[in-house]
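In what follows, a structure is listed as structure tokens, so that the remarks can point back to it.
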Amino acid sequence: MGSVPLIKNWDIRICAILGLWSFFGVFLWIIVKKPQQQSS
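Here's what the structure looks like:
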């Protein structure tokens, strides 16, 4: 299972980008959704 290494490279990049975006998105979403409401 190793025909096109480009797809694998892209897959890894997309995975990393998606992961970072998800983390950042959730963080920003929480901050925007609950602005200074739950002080840990």
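Heads up: the sequence shown begins at 81 in this note's numbering, then just goes up one per residue. Every residue gets a Cβ at the ideal spot worked out from N, C-alpha and C, and that includes glycine.
Quick check: the Cα distance between residue i and residue j, rounded to an integer number of angstroms?
i    : j    : result
G105 : K88  : 25 Å
G99  : V112 : 20 Å
W109 : D91  : 26 Å
Would you say the beta carbon of residue i is closer than 7 Å to some non-hydrogen atom of the ligand NAD?
i    : result
L108 : Looking at this structure, you won't find the ligand NAD or any other ligand, since it has none at all.
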